[in-house]
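Participant:
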Amino acid sequence: MKKNIAALNSEFPTLNERFGGRRLVYLDSACTVLKMRCAADAQRRHMLLLGGCGGKRSLHSLASAMEEDFYGARSKVASFMGAESPEEIIFTSGVTDAANLLANAFPFTPLRNEVVFSPLEHNAVFLPFERLAAAGRIKIKVAPLKDFKVDMGGLEKLVGAKTALVCVTHAPNIFGGTCDAAAAARIAHAAGAYLFCDDAQYAPSHGRCGAADGADACAFSGHKLGAPYFTGALCVKKPLLGRLRPWRVGGGTVESVTRSARGYGAKYLGGYQGFEAGVQNYSGAAGLAAALARLDRAGFGAIREHVSSLTAGALKALDGVKGVRVLGDRAAIPDGSLISIAPSKKGFSVPDFNLFLNQEVKGRLVAVRTGRHCADLACLNSGYSETIRLSFFSYNTQADTDCFVSALEKYLSLL
Ligand SMILES: Cc1ncc(COP(=O)(O)O)c(C=O)c1O
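If you read the sequence shown in numbering that gives the first Met the number 0, its first letter stands for residue 0, the second for the next number, and so on.
1) Given that a residue counts as buried once 16 or more other Cβ atoms are within 10 Å of its Cβ, and exposed if not, what is serine 344?
2) According to DSSP, what are the bridge partners of serine 255?
3) Should lysine 223 be counted as a contact of ligand 1 given a C-beta to heavy atom distance under 7 Å?
4) Does ligand 1 have a heavy atom nearer than 7 Å to the CB of alanine 183?
5) Tell me whether the stretch 304 to 313 and the stretch 395 to 408 touch, counting them as touching only if at least three CB pairs, one residue from each stretch, are closer than 8 Å.
6) Which one or two residues does DSSP pair with alanine 216 in a beta bridge?
7) Which residues share a DSSP beta bridge with glycine 370?
8) Hey, could you find the ends of the beta strand (DSSP E) valine 167 is sitting in?
9) Relative to ligand 1, is the shortest distance from any of its heavy atoms to the C-beta of asparagine 8 smaller than 7 Å?
10) My assumption, with CB atoms under 8 Å, is that leucine 337 sits in contact with phenylalanine 79. Please give the rounded CB distance.
11) Once the 5 residues before and after alanine 316 are set aside, which same chain residues still bring their CB inside 6 Å of it?
12) Return the bridge partner residues of alanine 415 from the DSSP annotation.
13) Return the first residue and the last residue of the beta strand (DSSP E) that lysine 138 is part of.
14) Can you tell me whether histidine 121 sits near ligand 2, meaning its C-beta is under 7 Å from at least one heavy atom of the ligand?
15) Roughly how many angstroms lie between the CA atoms of serine 381 and valine 278, to the nearest whole one?
16) What do you reckon, are the CB atoms on valine 320 and glycine 231 nearer than 8 Å?
17) Which whole-angstrom value describes the C-beta separation of alanine 276 and glycine 300, a residue pair presumed to lie in contact below a C-beta threshold of 8 Å?
18) Going by other Cβ atoms of all chains shown within 10 Å of its Cβ, with 16 needed for buried, is histidine 59 buried or exposed?
19) Ignore the nearest five residues each way along the sequence and tell me which others in alanine 64's own chain have a CB closer than 8 Å to its CB.
20) Among Asp146, Gly20 and Phe107, which one has its Cα closest to the Cα of alanine 160?
21) If you measure between the beta carbons of phenylalanine 125 and phenylalanine 116, is that distance less than 8 Å?
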């Protein structure tokens, strides 16, 4: 393990905790990455030393210090996401919040009211639009799945003159690998549509987001890269940002409230301010900025290299196990941060295996994720209703995978 990765790993105190006396083998970073001390410290410091309100409501010096700090975090997030300016960043509580915002603020018109999804979208992105479709406001289409990947040719065929938006996940959370966001952007733009890229799984170990590949909007969640819970951002490039409609409105989003003979009205602020209603998660943003700075210092290139070697190593180890099947495109798996398997041996019960991992591995608590992973589109389109997923971050080693594989082999031997 490289020195800067080892130094980064000292930021994760959970790794030193014992659970029922057992050491944690954490293979569930796609769900959430363990939290970094520097991020928690920054959040705590911010709450205790500042603790006021930003957003230009009050004009005293504490309020200006808060707003300055908040804008500093916005700038840090902007450069991480590949935004052209901090003004393109809307702070959110994560990708779920970002996708709900985008769906409800998006400028659909009767002539452009279709959304085309990759078949690997997380429910966080799919469902906000599905609700609009169920209410008859838009139409949705889902591209085909081919060899556990988006069939880009199939996606292209669905995109046309009525397409308003294309949604792709940059790195799927169920079958691993990555999706070619630049190709998706070309397809969307050729039809005059916008591209939204879900960077929840891509950002943490690639250190960049879809805006850098041509996406008009993209989002990531802070908790998936070691920052505080309920932090994250939606980046919307200026041409689209200027067309979004006010959605969640309130204090801080309005230029003026007026009264005329026709009644009351409101004029909303343009840009990101029109979407950050109410008092914000200022201390969370400080924690998020601290996490991004720490990961930057370790080097996203080194993080990516480390995680790639783990996914490649897991692929090799799991390929050798009789009784399970690796799901996903083998060539693409090392470019992602996770690997999924499905049982092929009769009698294998995924819930039983989960219990086995949780209780029967001597001295170790092996934490993986099993089930549908909120990736219902992928499950419906692949025919797999559940998988066992191992996901990695900087703190994992091949020994973690080996520990999982030996538990898996022991479980299989009991069947
Ligand atoms: C690909 C993907 N998109 C979106 C989400 C939702 O993220 P959050 O719960 O942080 O909003 C997740 C969470 O697992 C995910 O894996």
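All C-beta atoms, glycine included, are put in the ideal place defined by N, C-alpha and C.
Facilitator: Once the coordinates are examined:
1) According to the sequence as given, residue 344 is lysine; it is not serine. Exposed, by the Cβ-count rule.
2) Lys266
3) yes
4) no
5) yes
6) Phe195 and Val235
7) Thr386
8) 162 to 168
9) no
10) With a Cβ gap of about 21 Å, leucine 337 and phenylalanine 79 do not count as contacting.
11) Thr400 and Val404
12) Shown here, the chain extends from 0 to 414; a query on residue 415 therefore has no answer.
13) 138 to 141
14) With respect to small molecules bound, the structure shown includes ligand 1 and not ligand 2.
15) 43 Å
16) no
17) At roughly 38 Å, the Cβ-Cβ gap does not stay under 8 Å, so alanine 276 and glycine 300 are not in contact.
18) exposed
19) Leu49 and Gly51
20) Phe107
21) yes
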